[in-house]
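Asks: The sequence shown lines up with residues 6 to 430 when you count with the numbering used here. For glycine and all other residues, C-beta sits at the position ideal for the given N, C-alpha and C. Only a predicted model underlies this, so the values are computations on that prediction, with no experimental measurement involved.
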Amino acid sequence: EKVILRADGGMKTGRDLLLAAVFGAEEYGFGTAAVVATGCVMTRQCHLNTCPVGVATQDPKLRARFGGAPEMVVNYMCFVAQELRESMAALGVRTLEELIGRTDLLTMRTLPDLPPKAKTVTLELLMTSVEEGPRIHTVARNDWEGDDPLDNRIIADAKSVVEGRGKVHPHTNTVGVGVKLSYPIRNIHRTVGARLAGEIAKRYGDKGLPTATIDVVFRGVAGPSFGAFCVNGMRLTLIGEANDYVGKGMGGGELIIRPPDESPFAWHKNVIIGNTCLYGATGGVLYAGGRAGERFGVRNSGALAVVEGLGDHGCEYMTGGIVLILGETGRNFGAGMTGGRAYVLDQERRFEKRVNMELVELARLEASEDIDNVRTLLERHFVATKSNLALETLTNWDDVQELCWVVIPRGSGAKLEQVVSAKEG
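1) Pick helix, strand or coil for D153, following the three-state DSSP scheme.
2) For F35, name the three-state secondary structure that DSSP assigns.
3) Within this structure, are the beta carbons of T398 and L331 separated by less than 8 Å?
4) Going by other Cβ atoms of all chains shown within 10 Å of its Cβ, with 16 needed for buried, is V46 buried or exposed?
5) Take P265 and list the residues in its own chain whose beta-carbon comes closer than 6 Å to its own, dropping the five residues that flank it on each side.
6) Which of helix, strand or coil does DSSP assign to C51?
7) So A86 is in the alpha helix (DSSP H); what residue range does that whole segment cover?
8) Please work out which residues of its chain come closer than 7 Å, Cβ to Cβ, to N361, disregarding the five sequence neighbours upstream and downstream, and give them in chain order.
9) In chain order, which alpha helix (DSSP H) runs of at least 4 residues are fully inside the segment 226 to 279?
10) Grouping DSSP H, G and I as helix and E and B as strand, with all else coil, what is T324?
11) Let me check understanding here. Comparing Cα to Cα, which of L364, L309, E363 and Y322 lies closest to Y348?
12) Can you check which of these residues, N237, P269 and H318, is closest to L291 by C-alpha distance?
13) Exposed or buried, what is A30 when buried is set at 16 or more other beta-carbons lying within 10 Å of its beta-carbon?
14) Would you kindly work out how many angstroms separate the C-alpha atoms of G171 and R224, rounded to a whole number?
15) Could you please give me the residues that DSSP links to A432 through a beta bridge?
16) Please report how far the alpha carbon of N401 lies from the alpha carbon of T390, in whole angstroms.
17) Whose CA, out of A25, Y250, L394 and G258, lies closest to the CA of T242?
18) Inspect the beta-carbon positions of E49 and G59 and report whether they are closer than 8 Å.
19) Hey, quick one: how far does the alpha helix (DSSP H) through G345 stretch, first residue to last?
20) Should G325 and Q63 be called a contact, given that it needs their Cβ atoms to be closer than 8 Å?
21) By the DSSP assignment, the beta strand (DSSP E) with L309 in it spans what residues?
22) Which two residues bound the contiguous alpha helix (DSSP H) that contains K207?
23) DSSP three-state label for V126, please.
24) Reducing DSSP to helix, strand and coil, say where P414 ends up.
25) Please state if the CB of L22 and the CB of V85 are separated by a distance shorter than 8 Å.
26) Helix, strand or coil, according to DSSP, for G288 in the structure here?
27) What is the DSSP secondary structure of P121, counted as helix, strand or coil?
28) Would you kindly work out how many angstroms separate the C-alpha atoms of V173 and K66, rounded to a whole number?
29) On the premise that Y284 lies in contact with K253, defined as a C-beta separation below 8 Å, what is that separation, rounded to the nearest angstrom?
30) Skipping 5 residues on each side, what residues in its chain have a beta carbon closer than 8 Å to that of R99?
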């Protein structure tokens with residue numbers, strides 16, 4: 006009862022859900038089937054930016070071919086649920102909770118003409134039933150965040166601004182702070198900022214609010230998905246550290262994460278955010294005063310970011326945006342990268358051996374546009390985080406510049422698709 010078991014991979018039908026529940030699963034993940042429902046034709050070109058039906062591409066001409074709609078996924082899920090409901094009725098089960106862990110409902114089926122190797126497979130252990138007794142602890146008994154999730158408090162405290170009654174009107178171009186808030190945060194607080202982003206998007210759409218209209222400072226350790234789906238008008242500052250999926254799917258706004266001022270350790274030698282941060286981000290800015298985990302910036306298509314080092318598989322399948330790394334990276338950097346730009350400060354002189362050269366090429370930091378990008382991001386990173394590494398890099402710029410690599414998709418040459426402007430961030 007202390008964990009949630011989730012089944013994923015190849016889920017297509019109500020029968021698949023039925024079997025997963027019988028074997029003990031409480032949550033069920035749909036990936037490929039849901040994408041197919043919106044028009045995916047399984048050409049397996051997701052990483053090449055050439056999807057012929059516009060599902061997984063940034064090419065405007067190809068994206069124009071996309072004919073999917075949310076209702077298609079809803080319709081598909083309704084059919085899956087209907088099939089599951091009919092199967093449960095045939096078994097005499099009223100609710101999905103009653104079905105979880107009911108391996109006693111399974112029987113072995115004998116198939117003729119099995120290959121010799123298949124006959125060696127035994128499934129008896131899967132069919133084992135638990136001892137008869139009260140069926141307790143089959144679902145979570147507690148709401149981990151209590152009856153008042155942190156986002157609900159933020160929304161209530163920022164209500165006047167979200168509804169357009171604050172100091173900054175949402176339809177003006179004035180850049181200012183509508184409300185400043187502060188909260189302690191713990192790792193039980195998951196997806197902090199997502200509900201607030203939803204409230205803003207519901208009222209103001211993609212435009213959002215002016216920069217930093219809602220300025221929130223957190224102190225502590227954030228749970229998974231801090232700042233997920235962040236939108237314009239939000240500035241979330243975390244003084245502490247965060248778990249995985251920071252900035253997941255963010256489309257705007259600003260995330261600032263740094264250790265407390267009294268921290269005795271070197272920021273750039275310690276991890277401050279977890280794995281898979283900026284996953285699928287389309288906009289916004291992230292400044293992290295420390296290292297990131299693995300798979301940083303996977304499928305980033307528009308966000309700007311500064312981190313002080315990261316793990317394996319950085320900027321994987323990246324199609325847009327700009328990432329500045331002020332430290333070491335792990336292996337397989339830039340695998341499947343077809344767009345955007347990455348700048349890497351290679352003081353250890355190891356980066357050439359860690360980048361995946363299949364789809365990218367390396368160049369030194371020499372073009373004036375690239376130099377302006379890096380210096381602008383460095384200056385903003387220092388202002389946001391007060392990072393000693395950023396200050397040292399700016400102070401010794403003439404010596405550091407020659408150690409910087411520019412990672413660009415192969416064949417793009419010197420073309421710069423995105424420039425850090427004064428309006429961004």
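Replies: Short version:
1) Counting from one through the sequence shown, the residue named residue 153 turns up at place 148. If DSSP states are grouped into helix, strand and coil, D153 belongs with coil.
2) Taking the first residue of the sequence shown as position 1, residue 35 is located at position 30. For F35, the secondary structure class from DSSP, reduced to helix, strand or coil, is coil.
3) Residue mapping note: residue 398 aligns to position 393 of the sequence shown, counting from 1. Residue mapping note: residue 331 aligns to position 326 of the sequence shown, counting from 1. Less than 8 Å separates the beta-carbon of T398 from that of L331.
4) As a first step, residue 46 must be located in the sequence shown, where it is residue number 41. The residue is exposed, with fewer than 16 neighbouring Cβ atoms inside 10 Å.
5) Numbered from 1 along the sequence shown, position 260 holds the residue referred to as residue 265. Cβ neighbours of P265 beyond the five flanking positions: I244.
6) Residue 51 sits at position 46 when you count from the first residue of the sequence shown. For C51, the three-state secondary structure derived from DSSP is helix.
7) Translated into positions along the sequence shown, residue 86 becomes position 81. Looking at the DSSP string, the run of the alpha helix (DSSP H) that includes A86 is P75 to L96.
8) Counting from one through the sequence shown, the residue named residue 361 turns up at place 356. If the five residues before and after N361 are omitted, its C-beta is found closer than 7 Å to the C-beta atoms of N337, F338, G339 and A340, all from its own chain and listed in chain order.
9) Listed in chain order, the alpha helix (DSSP H) elements of length 4 or more contained wholly in the segment 226 to 279 amount to none.
10) Against the sequence shown, residue 324 aligns to sequence position 319. In the three-state reduction of the DSSP assignment, T324 falls in the strand class.
11) To locate residue 348, count along the sequence shown from 1; it is residue 343. When only C-alpha atoms are compared, the closest one is L309.
12) On the sequence shown, residue 291 is found 286 positions in, with the first residue counted as 1. With distances taken between Cα atoms, L291 lies closest to N237.
13) Along the sequence shown, one-based indexing puts residue 30 at 25. The residue in question, A30, is buried, as its Cβ has 16 or more Cβ neighbours within 10 Å.
14) As a first step, residue 171 must be located in the sequence shown, where it is residue number 166. As a first step, residue 224 must be located in the sequence shown, where it is residue number 219. Because G171 carries a pLDDT of 48, less than 50, the predicted location of this residue cannot be relied on, and the following value inherits that uncertainty. Taking the straight line from one Cα to the other gives about 25 Å.
15) Outside the shown range of the chain, which is 6 to 430, sits residue 432, and nothing can be said about it.
16) In the sequence shown, counting from the first residue as 1, residue 401 sits at position 396. In the sequence shown, counting from the first residue as 1, residue 390 sits at position 385. Looking at the two C-alpha atoms, the distance is approximately 19 Å.
17) Residue mapping note: residue 242 aligns to position 237 of the sequence shown, counting from 1. Per the C-alpha coordinates, the member of A25, Y250, L394 and G258 positioned closest to T242 is G258.
18) Numbered from its first residue, the sequence shown carries residue 49 at position 44. Numbered from its first residue, the sequence shown carries residue 59 at position 54. The amino acid occupying residue 49 in the given sequence is Arg; Glu does not appear at that position. R49 places its beta carbon 8 Å or farther from that of G59.
19) The residue given as residue 345 occupies position 340 in the sequence shown. Element bounds for G345: not the alpha helix (DSSP H) but the beta strand (DSSP E), G344 to L350.
20) As a position in the sequence shown, residue 325 is number 320, starting the count at 1. As a position in the sequence shown, residue 63 is number 58, starting the count at 1. Taking a C-beta distance under 8 Å as the contact criterion, G325 and Q63 qualify as a contact pair.
21) Looking up residue 309 in the sequence shown gives position 304. Note, L309: beta strand (DSSP E), S306 to V312.
22) By one-based count along the sequence shown, residue 207 stands at place 202. Taken as a continuous stretch (DSSP letters only), the alpha helix (DSSP H) holding K207 covers A199 to Y209.
23) In the sequence shown, counting from the first residue as 1, residue 126 sits at position 121. Three-state result, V126: coil.
24) Within the sequence shown, the letter at position 409 stands for residue 414. Here DSSP, grouped into helix, strand and coil, assigns P414 to strand.
25) In the sequence shown, the residue the question calls residue 85 occupies position 80. In the sequence shown, the residue the question calls residue 22 occupies position 17. In contact: V85 and L22 (Cβ atoms closer than 8 Å).
26) Counting from one through the sequence shown, the residue named residue 288 turns up at place 283. Three-state result, G288: strand.
27) Here residue 121 refers to the residue found at position 116 when the sequence shown is read from its first residue. In the structure shown, P121 sits in a helix (DSSP, three-state: H, G or I).
28) Walking along the sequence shown from the start, residue 173 turns up at place 168. Walking along the sequence shown from the start, residue 66 turns up at place 61. For V173, the predicted structure reports a pLDDT of 44, less than 50, and the residue's modelled location is therefore unreliable. A value from the coordinates is still provided. A straight line joining the alpha-carbon of V173 with that of K66 spans about 38 Å.
29) Counting from 1 along the sequence shown, the entry for residue 253 is found at position 248. Counting from 1 along the sequence shown, the entry for residue 284 is found at position 279. Between K253 and Y284 the beta-carbon gap is near 5 Å, inside 8 Å, which marks them as a contact.
30) Here residue 99 is taken as the residue at index 94 of the sequence shown, counted from 1. The residues are M93.
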